[in-house]
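Single-structure report; data block below.
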Amino acid sequence: MTLQAFLVVAAALVSVGLFGALTQQSIVMVMMGLELLLNGVILAAAAFWYFLAPAGTEGQVLIVVVVTAMAIEMAAGFAVTTAIYRAKRIDMTDDAAELRG
7 MTLQAFLVVA AALVSVGLFG ALTQQSIVMV MMGLELLLNG VILAAAAFWY
57 FLAPAGTEGQ VLIVVVVTAM AIEMAAGFAV TTAIYRAKRI DMTDDAAELR
107 G
């Protein structure tokens, strides 16, 4: 596969993720869109490192660190979403924006 093929797939992931994050009202669907968006960015970065410096391991280490941080962030986001839903029965972004105190 070529760098262009990886970048096309990454651009498609970013596009679908951005569309999903901006058009959905369910908090879980927005988080899924953000996850796709970040996966596209990670794929593009990994492809660049693979084709520009295939012998170096710095890119691989950075990608593993970013994926780990993204997984922790999404787990925390789902925990907060679950807590909001259990406390207030709110699962839409419009309703959650009205939460105060």
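In case it helps, this note's numbering puts the sequence shown at residues 7 to 107.
Just so it is clear, CB atoms sit at the ideal spot from N, CA and C, and this is done for glycine as well.
Residue i (DSSP reduced to helix, strand or coil)
i	result
Met7	coil
Thr87	helix
Gly62	coil
Ala82	helix
Ala18	helix
Ala103	coil
Residue i versus the options, residue with shortest Cα-Cα distance
i	options	result
Trp55	Ala18, Leu42, Ile69	Ile69
Met35	Arg92, Glu104, Gly83	Gly83
Gly23	Glu64, Glu41, Ala59	Glu41
Gly39	Leu58, Phe57, Leu19	Leu19
Boundaries (first-last residue) of the alpha helix (DSSP H) holding residue i
i	result
Ile96	Neither: Ile96 is in no alpha helix (DSSP H) and is coded neither H nor E.
Glu41	33-58
Own chain, CB closer than 8 Å to residue i, minus 5 neighbours either side, in chain order
i	result
Ala16	Gly46, Val47, Leu49, Ala50, Ala53
Met98	Gln31, Ser32, Ile33
Cβ-based neighbour list, residue i, same chain, cut-off 7 Å, excluding 5 preceding and 5 following
i	result
Leu44	Met76
Close-in-space but distant-in-sequence residues of the same chain around residue i (CB under 6 Å, 5 per side omitted)
i	result
Thr87	Ile33
Phe57	Leu9
Phe12	Ala53
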